[in-house]
Structure formats: C-alpha cells, structure tokens
Amino acid sequence: MNTSPAPLAPATGAFDDVQRFWAAVDASERRALPLEDTLEQMYFGRLSQALAQFTAWADLTPSRLAETYGTHEAYFRALGPQPGRLREELRMDSLYTALRALFPEAVPARVNFVMGDFSCAGTVAPGQILLALEFFPPVEAWPLALPHLPLPGPHALPARLAHELVHVQQLARCPDLALAEPTVLELALLEGAAEYVGERLSGGLTAPHAHLFGQMNAAEVWAAFREEADSRDGSAWVHGSPARPEWPADLGHFVGYELCRAYHERHAAEANVIRDILHAFESPERFLLPVRERPGKSRPG
Numbered sequence: 001m002n003t004s005p006a007p008l009a010p011a012t013g014a015f016d017d018v019q020r021f022w023a024a025v026d027a028s029e030r031r032a033l034p035l036e037d038t039l040e041q042m043y044f045g046r047l048s049q050a051l052a053q054f055t056a057w058a059d060l061t062p063s064r065l066a067e068t069y070g071t072h073e074a075y076f077r078a079l080g081p082q083p084g085r086l087r088e089e090l091r092m093d094s095l096y097t098a099l100r101a102l103f104p105e106a107v108p109a110r111v112n113f114v115m116g117d118f119s120c121a122g123t124v125a126p127g128q129i130l131l132a133l134e135f136f137p138p139v140e141a142w143p144l145a146l147p148h149l150p151l152p153g154p155h156a157l158p159a160r161l162a163h164e165l166v167h168v169q170q171l172a173r174c175p176d177l178a179l180a181e182p183t184v185l186e187l188a189l190l191e192g193a194a195e196y197v198g199e200r201l202s203g204g205l206t207a208p209h210a211h212l213f214g215q216m217n218a219a220e221v222w223a224a225f226r227e228e229a230d231s232r233d234g235s236a237w238v239h240g241s242p243a244r245p246e247w248p249a250d251l252g253h254f255v256g257y258e259l260c261r262a263y264h265e266r267h268a269a270e271a272n273v274i275r276d277i278l279h280a281f282e283s284p285e286r287f288l289l290p291v292r293e294r295p296g297k298s299r300p301g
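In terms of UniProt numbering, the sequence shown has 211 at position 211, counting the first letter as 1, and numbering is strictly consecutive.
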C-alpha cells in the first residue's frame with residue numbers, strides 16, 4: 001500500500017484586492033474625487049477576508065493609504081496590477097514540496113496580495129499568506145523607490161513566501177497564537193524558526209540586514225537578549241524601538257535563527273528535529289539553555 005502523502009497542488013495568488021485598489025484610484029481620477037473617499041468605498045468597503053485580516057494586523061486606514069499613494073505615486077504606478085509576473089515568482093509548488101520533505105504534515109496555504117502603505121510586508125491567517133504588493137516591485141520600479149522605503153530587495157518573494165509558510169504551520173498548531181503575549185524569547189523563536197526553516201526551503205532570508213548586524217555585533221546583541229529574554233515587550237526585537245534606533249527593527253529574526261541553528265546542530269540525528277524547530281515557541285527553554293548556561297559566549301551552539 002502506498003502510504004506517502006498526496007502531492008500538494010500549487011497554491012495560486014489572488015489579486016482581487018489589488019485590482020479593487022486600482023479601480024478606486026481610477027474612479028478618483030475620473031470623477032475628481034478624493035482618493036481617500038474612493039478607497040473607503042471601493043477598497044476598504046469591499047473587504048475580502050484576506051484584506052480584512054491584513055488591515056487589522058497593519059492598522060491600515062483609507063487616509064493613510066491615500067497619503068502614501070500620493071507621496072509615492074510614480075512608484076505605485078510602476079507596480080501596477082502584475083499577476084503574471086508574480087505568478088511566475090510564486091514557486092509555491094516547490095516550496096510545499098520542500099517543506100513536505102522536512103515536515104510531512106505541512107498544511108497548504110493560499111497566497112493573497114493586497115496593497116498597503118509599507119507598514120507590513122506580510123502576515124498570515126489560517127491557511128492563508130497575505131502579502132503587500134508594494135514590497136515586491138518589478139525590476140523597472142526600483143529606480144523610482146526612494147532610499148528610505150523599507151524594501152527587501154529584488155527577487156525577495158520566494159524567501160518571504162517560505163518564511164510565511166512556516167508561520168502558517170505554527171498557526172495551524174496553535175490557532176490562538178495571534179492572541180498570545182509572547183516573551184522576547186518566544187517571539188524570537190517564532191520568527192527565527194520561520195527564518196531558519198524558510199531558508200532551507202527558498203535559499204534566502206527575509207532579514208539579511210539583521211543577520212549581518214547580529215554577526216558583526218554578536219557580543220552586544222546576545223548580552224541584551226539574555227537580559228530581555230523573559231520580557232513581554234518584544235518591540236526592540238521585532239518592530240524596532242526608539243531606545244535602540246541604531247539596531248535593525250527585526251533583530252529577533254537573527255537571534256531566533258541562531259538558536260534554531262544551534263538546536264539543529266545538537267539534535268541533528270533526531271527524526272523530529274525540524275518539527276521541534278517549527279514549534280520551538282512551545283518549549284523555549286530547550287533552545288535558550290546553552291545561552292543561559294554559558295553567558296560569556298557571544299552566540300549559542
């Protein structure tokens with residue numbers, strides 16, 4: 001009897017919300033109406049499940065989106081609704097296949113694109129990956145991107161998809177995850193597991209700048225992390241903090257990645273090691289133990 005899991009069909013990207021955004025822009029121009037009003041009616045007023053989830057997570061409003069579009073109109077126009085280009089880059093079939101090889105019970109996810117205001121590149125809902133199109137421009141749009149825009153770089157989509165696909169698995173395991181108030185350690189392990197396993201799927205990282213900074217400033221970063229690991233204020237590690245403006249906003253990705261890497265090295269012979277890493281947030285002390293035991297080390301392992 002063949003007991004191997006059934007192959008996963010490639011997930012497809014949904015661009016309905018992006019098309020509604022452009023319909024609102026077109027209506028604003030044709031009818032000489034404020035863009036905020038047409039966005040309210042035609043974009044926010046027709047919330048898909050994906051857009052509802054995204055706007056709640058990113059606290060996105062019509063006024064903020066209209067202001068962002070007005071400031072970066074040339075860049076947004078260069079984005080355009082380009083489902084053909086993005087479908088070629090989705091690679092969800094190969095990502096699923098790679099994840100299934102490491103984690104046979106992996107659940108599928110639908111990819112949905114929305115248009116946002118540079119506040120959030122991506123998030124997840126049960127069985128869904130939600131991505132903001134403005135973070136994934138075509139090559140020809142890059143000259144129009146101002147230096148201060150928080151763009152991840154060309155060809156960043158596979159790494160982001162792989163990262164969020166891991167978060168989908170974590171959410172499937174713990175449906176109330178979004179309601180939790182994690183410690184800095186738990187938050188770092190959530191993001192670090194997505195970085196570590198995601199890199200094995202796509203070959204890329206979503207926060208390479210944070211990894212570079214962490215490697216170059218390892219002693220300082222790990223000392224601060226040991227001090228704050230049990231805190232429930234993770235703003236300095238995931239969202240950035242005014243207290244450390246010189247640090248990358250997502251340095252927790254680096255710390256969690258290193259904890260997962262070290263755990264994998266210690267338990268490489270165990271069959272369930274990837275499953276343990278995916279769900280590291282459920283038993284965080286197992287991952288932090290070497291750091292607590294050897295506080296003088298600049299990195300775990």
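Just so it is clear, CB atoms sit at the ideal spot from N, CA and C, and this is done for glycine as well.
H163 vs G198 beta-carbon contact at 7 Å: The residue given as residue 163 occupies position 163 in the sequence shown. The residue given as residue 198 occupies position 198 in the sequence shown. Yes, Cβ-Cβ distance for H163 and G198 is below 7 Å.
Identity of the residues DSSP links to V114 by a beta bridge: Against the sequence shown, residue 114 aligns to sequence position 114. DSSP, once it has assigned bridges, lists A132 as partnering V114.
Distance CB(S184)-CB(A229) smaller than 7 Å: For the purposes of this step, residue 184 is taken as the residue at position 184 of the sequence shown. For the purposes of this step, residue 229 is taken as the residue at position 229 of the sequence shown. The sequence shown places Val at residue 184, not Ser. Against a cut-off of 7 Å, the Cβ pair of A229 and V184 comes out as a contact.
DSSP state of A262 mapped onto helix, strand, coil: Here residue 262 corresponds to residue number 262 of the sequence shown, with the count starting at 1. In the structure shown, A262 sits in a helix (DSSP, three-state: H, G or I).
Cβ-based burial, M216 [other Cβ within 10 Å; buried from 16]: By one-based count along the sequence shown, residue 216 stands at place 216. By the 10 Å Cβ count, M216 comes out exposed.
Local conformation of G122 per DSSP, three classes: Taking the first residue of the sequence shown as position 1, residue 122 is located at position 122. In the structure shown, G122 sits in a strand (DSSP, three-state: E or B).
Whole-angstrom C-beta distance between G127 and V168, which should lie under 8 Å: To locate residue 168, count along the sequence shown from 1; it is residue 168. To locate residue 127, count along the sequence shown from 1; it is residue 127. Confirmed, about 7 Å.
Same chain, Cβ closer than 8 Å to A9, five either side skipped, listed in chain order: Here residue 9 corresponds to residue number 9 of the sequence shown, with the count starting at 1. Confidence is the limiting factor: at A9 the pLDDT is only 40, short of 50, which leaves the residue's position unreliable and the question unanswerable from this model.
Three-state class that DSSP yields for A145 in the structure shown: For this step, residue 145 is matched to residue 145 along the sequence shown. A145 falls in the coil class under three-state DSSP.
Contact belief for H253 with G204 at Cβ below 8 Å, rounded distance in angstroms: Residue mapping note: residue 253 aligns to position 253 of the sequence shown, counting from 1. Residue mapping note: residue 204 aligns to position 204 of the sequence shown, counting from 1. Wrong, their Cβ atoms sit about 13 Å apart, outside the cutoff.
Exposed unless 16 or more other CB atoms sit within 10 angstroms - verdict on S63: As a position in the sequence shown, residue 63 is number 63, starting the count at 1. In the assembly as shown, S63 is an exposed residue. Its beta-carbon has fewer than 16 other beta-carbons within 10 Å.
Spatial distance of L190 from L151 (CA atoms): One-based indexing of the sequence shown puts residue 190 at position 190. One-based indexing of the sequence shown puts residue 151 at position 151. Answer to the nearest angstrom: the Cα atoms are 22 Å apart.
Between the CA atoms of S235 and P245 - distance to the nearest angstrom: The residue you call residue 245 lines up with position 245 of the sequence shown. The residue you call residue 235 lines up with position 235 of the sequence shown. Cα-Cα distance, rounded: 12 Å.
Residue environment, M1, which counts as buried when at least 16 other CB atoms sit within 10 Å: Position 1 of the sequence shown, counting from 1, holds the residue named residue 1. Any reading at M1 is ruled out, since the residue's pLDDT is 40, under 50, leaving its predicted position unreliable.
Residues of its chain near L144, where Cβ-Cβ distance is below 6 Å and the 5 sequence neighbours each way are ignored: Working through the sequence shown from its first residue, we reach residue 144 at position 144. Excluding sequence neighbours, L144 sits near A74, Y75, A78.
Distance CB(L157)-CB(L95) smaller than 7 Å: Within the sequence shown, numbered from 1, the residue matching residue 157 stands at position 157. Within the sequence shown, numbered from 1, the residue matching residue 95 stands at position 95. No, Cβ-Cβ distance for L157 and L95 is not below 7 Å.
Alpha carbon of D59 to alpha carbon of L278, nearest angstrom: For this step, residue 59 is matched to residue 59 along the sequence shown. For this step, residue 278 is matched to residue 278 along the sequence shown. Taking the straight line from one Cα to the other gives about 28 Å.
Beta-carbon gap between F135 and A121 smaller than 7 Å: One-based indexing of the sequence shown puts residue 135 at position 135. One-based indexing of the sequence shown puts residue 121 at position 121. In this structure, F135 lies near A121, with their beta-carbon atoms less than 7 Å apart.
Cβ-based burial, T123 [other Cβ within 10 Å; buried from 16]: In the sequence shown, counting from the first residue as 1, residue 123 sits at position 123. The residue is buried, with at least 16 neighbouring Cβ atoms inside 10 Å.
G116 classed as buried or exposed, judged by whether at least 16 other C-beta atoms fall within 10 angstroms: Within the sequence shown, residue 116 is the residue found at index 116, counting from 1. Residue environment for G116: buried (at least 16 other C-beta atoms within 10 angstroms of its C-beta).
Buried versus exposed, by CB contacts within 10 Å (16 or more), E258: Position 258 of the sequence shown, counted from the start, is the residue given in the question as residue 258. Per the 10 Å Cβ criterion, buried.
A14 versus Y196: straight-line alpha-carbon distance, rounded: For the purposes of this step, residue 14 is identified with residue 14 of the sequence shown, where counting begins at 1. For the purposes of this step, residue 196 is identified with residue 196 of the sequence shown, where counting begins at 1. Cα to Cα, the separation comes out at about 27 Å.
Cα-Cα separation, E181 to P284: Along the sequence shown, read from residue 1 onward, the residue named residue 181 stands at position 181. Along the sequence shown, read from residue 1 onward, the residue named residue 284 stands at position 284. Between E181 and P284, the C-alpha separation is close to 14 Å.
M1, DSSP secondary structure in three states: As a position in the sequence shown, residue 1 is number 1, starting the count at 1. With a pLDDT of 40 at M1, under the threshold of 50, the predicted position of this residue should be treated as unreliable, though the coordinate-derived value follows. If DSSP states are grouped into helix, strand and coil, M1 belongs with coil.
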